[in-house]
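S.K.:
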Amino acid sequence: MVIGASGQIGVELTLALRKIYGPANVIASDLREENELLHGTGPYVSLDVMNREMLHVQVIRQGFTQIYLLAAILSATGEKNPGLAWHLNMQGLLNVLDIAREEKLNKIYWPSSIAVFGPSSPKQNCPQQTIIEPITVYGISKYAGEFWCNYYYQKFGVDVRSLRYPGLISYKSAPGGGTTDYAIEIFHEALGDKHYDCFLEENTYLPMMYMPDAIRATIELMEAPRENIKTRTSYNLSAMSFSPREITEEIKKHIPDFTVDYNPDYRQGIANSWPQSIDDSKAREDWGWKHEYDLSSMTADMIQNLKR
Ligand SMILES: NC(=O)c1ccc[n+]([C@@H]2O[C@H](COP(=O)([O-])OP(=O)(O)OC[C@H]3O[C@@H](n4cnc5c(N)ncnc54)[C@H](O)[C@@H]3O)[C@@H](O)[C@H]2O)c1
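Here the sequence shown stands for residues 98 to 405, numbered as in this note's numbering.
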């Protein structure tokens, strides 16, 4: 079961899981209506992860064995409604972990984020274990969530696995209100008006990843033997790091007359609090993570697909 299947990651993860396990064996669910990219590709259930009883009934009735929990409020949206972000990000996770424990589900996936890191964390090659003092409600909720995952694994044996995703770039479904959303909007504007007003400063470096790599990382983590998963909070995960200026230069190789203005807003403060690059050597050692896309191959693929 994929909860939050109509979102930016959910759509692509659901489609990838259906390819592997068969359409009927992967149930998509979301609070909002089924994303049109999922129409006709397999079963869909309308569901609020906050409604623990309904979720429990669905798990028993449909005999789910694994849950991918993607429903959350992201960094930028979370700062506008901190109470709701904390409530959904925490209670949604606790509902799933409790049901997993009671029903002895095989595996749970729950994503964390680079947003767990704060201004006191190292900016370059930020390690797996370091000072972690998040300053956004989103980051606080993700860090607390990581320890709940670890707790349910240590105490009750729930096989819950997690990745600290960097900013994810994709062309299929729209982003959900994160600080790295500029790196998606910029492609749409480059191909449309050929001009983009960027909400971050031009030299703001952030860790990023192309969606095909993120989906593959998620599935590889979930398919790895249990004994290989040594980090039970959440794994650092990395592919590339770039600034708005660098991605603009890369896009200009394909669209030479593209221009960008920089008008930073409140999201600049969030971006400044995060590391610029991530050390993911633990993921590489423990379960063989290897990224494929860099800035140039990702840009070429984004433009080709968005044009289509
Ligand atoms: N996209 C990124 O760059 C990124 C980076 C780091 C971590 N993450 C994490 O990955 C996960 C998925 O992110 P996303 O970008 O796909 O987010 P998104 O906002 O695009 O999708 C989340 C989905 O959850 C659904 N949802 C919200 N409340 C719900 C509820 N009560 N019950 C059921 N569904 C509900 C929404 O309708 C939405 O379709 C989140 O946990 C997010 O924190 C994402």
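Ideal Cβ positions, reconstructed from N, Cα and C, are used throughout, including at glycine.
1. Give me, in chain order, the residues of the same chain whose beta-carbon lies closer than 6 Å to that of Met308; leave out the 5 immediate sequence neighbours on both sides.
2. Assuming Tyr262 contacts Met306 (C-beta within less than 8 Å), just tell me the rounded distance between them.
3. In terms of residues, what are the limits of the alpha helix (DSSP H) holding Ser394?
4. Could you tell me the boundaries of the alpha helix (DSSP H) in which Tyr302 lies?
5. Quick one: give me the first and last residue of the beta strand (DSSP E) that Lys204 is part of.
6. Would you call the CB atoms of Phe355 and Lys291 closer than 8 Å?
7. Less than 8 Å between the beta carbons of Pro361 and Leu303, yes or no?
8. What separation, rounded to the nearest whole angstrom, lies between the Cα atoms of Phe161 and Glu346?
9. Have a look at the DSSP bridge pairing and note the partners of Met337.
10. Would you decide whether Asn203 is buried or exposed? Buried here means 16 or more other CB atoms lie within 10 Å of its CB.
11. Flag Thr277 as yes when its Cβ comes closer than 7 Å to any non-hydrogen atom of ligand 1, and as no otherwise.
12. With a threshold of 7 Å (Cβ to nearest heavy atom), would Val213 be considered close to ligand 1?
13. Have a look at His184 and Glu176 and give me their C-alpha separation to the nearest angstrom.
14. Taking only the alpha-carbon atoms, compute the straight-line gap between Ala314 and Ile326 and give it to the nearest angstrom.
15. Would the C-beta of Gln406 count as close to ligand 1, meaning under 7 Å from any of its heavy atoms?
16. With contact counted as at least three CB pairs below 8 Å, one residue from each stretch, are the segment 244-253 and the segment 149-156 in contact?
17. Does ligand 1 have even one heavy atom less than 7 Å from the beta-carbon of Leu171?
18. Mind reading off the beta-carbon distance from Leu167 to Val99? Whole number of angstroms is fine, and I expect it under 8 Å.
M.R.: Reading off the structure:
1. Once the five neighbours on either side are set aside, the close Cβ partners of Met308 are Glu109, Leu265 and Ser267.
2. Right, the Cβ-Cβ distance comes to about 7 Å (below 8 Å), so this counts as a contact.
3. Looking at the DSSP string, the run of the alpha helix (DSSP H) that includes Ser394 is Leu392 to Lys404.
4. Neither: Tyr302 is in no alpha helix (DSSP H) and is coded neither H nor E.
5. Looking at the DSSP string, the run of the beta strand (DSSP E) that includes Lys204 is Lys204 to Tyr206.
6. A contact, by the Cβ cut-off of 8 Å.
7. No. Outside cutoff.
8. Roughly 46 Å separates the two Cα atoms.
9. Partner residues in the beta bridge of Met337, as assigned by DSSP, are Met305.
10. When all chains shown are included, Asn203 counts as exposed.
11. At least one heavy atom of ligand 1 is nearer than 7 Å to the Cβ of Thr277, so yes.
12. Not one heavy atom of ligand 1 lies closer than 7 Å to the C-beta of Val213.
13. Each residue's Cα considered, the two are about 13 Å apart.
14. When rounded, the distance between both Cα atoms is 13 Å.
15. The structure shown does not extend to residue 406, since the chain spans only 98 to 405, so no value can be given for it.
16. Pairwise C-beta distances place the segment 244-253 out of contact with the segment 149-156, as fewer than three of them are shorter than 8 Å.
17. For ligand 1, a non-hydrogen atom lies closer than 7 Å to the CB of Leu171.
18. Approximately 7 Å separates the beta-carbon atoms of Leu167 and Val99; this is inside 8 Å, confirming the contact.
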